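Single-structure report; data block below.
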Amino acid sequence: MKRALKILGGVVLVLLLVVAGLALYVYQSAIEPKRPVGFQQIAIADPGHSRIAAGVWYPTTAKPGFMLLGSGGQRVATNGPVDGARLPLIIFSHGTAGSAVSHADTAIALAENGFIVIAPTHPGDTFETASDIEPWLLNRTRHIQKTIDGALTSWKDRAHVDAQRIGIFGFSAGATTGLIAIGGRPDLSRIYTECAAHSEFICKTTLPKRYENFRRTSWPSDGRIRAAVLAAPGLGFTFDAASLSGVNVPVQLWGGTADQTVPLPTNAKHIANLLGAKAEMHAVPNAVHFSFLMPCGLIGPRELCSDPKGFARAAFHQQFNADVVRFFKLTMGP
862 MKRALKILGG VVLVLLLVVA GLALYVYQSA IEPKRPVGFQ QIAIADPGHS
912 RIAAGVWYPT TAKPGFMLLG SGGQRVATNG PVDGARLPLI IFSHGTAGSA
962 VSHADTAIAL AENGFIVIAP THPGDTFETA SDIEPWLLNR TRHIQKTIDG
1012 ALTSWKDRAH VDAQRIGIFG FSAGATTGLI AIGGRPDLSR IYTECAAHSE
1062 FICKTTLPKR YENFRRTSWP SDGRIRAAVL AAPGLGFTFD AASLSGVNVP
1112 VQLWGGTADQ TVPLPTNAKH IANLLGAKAE MHAVPNAVHF SFLMPCGLIG
1162 PRELCSDPKG FARAAFHQQF NADVVRFFKL TMGP
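Basically the numbering used here = 1-based index in the sequence shown + 861.
Right, dumping it as structure tokens:
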């Protein structure tokens, strides 16, 4: 009995040391802004539907502290005061099964440069729930509209927002959402016809057959959005020149050359070619689909955190975030 208790005690001690080591790693590796950034968690009204939970990052004068964030952390001033007047607003739209914090490092980079970022978690398309593609697209764009409405009319710090300088950042499904929000009109019936010629990820699902005869003549957009950054957009091949004729704002597009989920030629590059001079295209060598998510900690999900050999996600994100900040400053002012 004494020997068993001794062994058990040793095991418990090892587990405690491992947990303590992980906690120390998370604390020391937390995202640390160059200038103080505040953070709030808010709920946005969407009448007739579930309220939309969102994270908000913004410049502040308050002292930051550690906050747990997924499998990592961030150093922010929780509920600190907003510093500045007439600040530009960027709305984030995460990918399928994502959340408000999926791109926290990019949000922080913008906030430390004078932007307010509001990132909704799309109800019905999170890590907990997922919906069919039609409500997925329609509801997401409505979420963006309601988030902008809330930022301008009901958020307690709305007086700090410049309603004339609003942009959108989207990844994957969120990038498709962003493209629709600025005037793009996808033809989902093309999923069926195009998948006969392509073998990308979506073509291996049940979607192509279900949308063989799908037709929709109008899609919701929001004329308040003045610029868009779209990373690894999906369903790019459902757009053509006519369906993008309503896009009249500058767009920064990103795609990975090793992306097998939404391959570069039929998605980001295809959209960039159609937009012509309106688009700034970045093809990232060796990047895969999830390379655009924030760098992972030690215990992040393998599927989301794995990059090709030789690709340094943390180093890439330093340049990625800098280019996103530059683009929004150029198109909307600091």
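Every residue gets a Cβ at the ideal spot worked out from N, C-alpha and C, and that includes glycine.
This structure is a prediction, so every number in the text was calculated from the model and none was measured.
- Here His-1143 really is in contact with Asp-1184; their C-beta atoms are around 7 Å apart, less than 8 Å.
- Residues of the same chain with a CB within less than 6 Å of the CB of Thr-1037, apart from the 5 flanking positions on each side, are Pro-1094, Gly-1095 and Leu-1096 in chain order.
- Each of Ala-904, Lys-1190 and Ser-1152 was checked against the Cα of Ala-1176, and the nearest Cα belongs to Ser-1152.
- Shortest Cα-Cα distance from Leu-930 to any of Asn-974, Arg-896, Ser-960 and Arg-1163 involves Ser-960.
- Look at His-1143 here: in three-state DSSP terms it is strand.
- Three or more Cβ pairs closer than 8 Å define a contact, and the segment 1080-1093 meets that threshold against the segment 997-1014.
- With a minimum length of 3 residues, the unbroken runs of beta strand (DSSP E) contained wholly in the segment 1090-1157 fall at 1112-1117 and 1140-1145.
- The secondary-structure analysis by DSSP pairs Ile-1029 across a beta bridge with Ile-952 and Ala-1089.
- Counting C-beta pairs closer than 8 Å gives three or more between the segment 1030-1046 and the segment 1103-1119, which meets the contact rule.
- The segment 936-953 and the segment 921-928 touch, with three or more beta-carbon pairs separated by less than 8 Å.
- Spatial neighbours of Phe-1189 in its own chain (CB-CB distance under 8 Å, excluding positions within 5 residues in sequence) are listed in chain order as Pro-949, Ile-951, Leu-971, Phe-976, Gly-1028, Ala-1088 and Val-1090.
- Separation of Val-1022 and Ala-1148 (C-alpha to C-alpha, rounded to the nearest whole angstrom) is 34 Å.
- Closest in C-alpha terms to Ala-1173, from the list Pro-1162, Pro-1146 and Met-1193, comes Pro-1146.
- Apart from sequence neighbours up to five positions away, the residues of its chain that approach Trp-1115 with a beta-carbon distance below 6 Å are Ala-1092 and His-1143, ordered along the chain.
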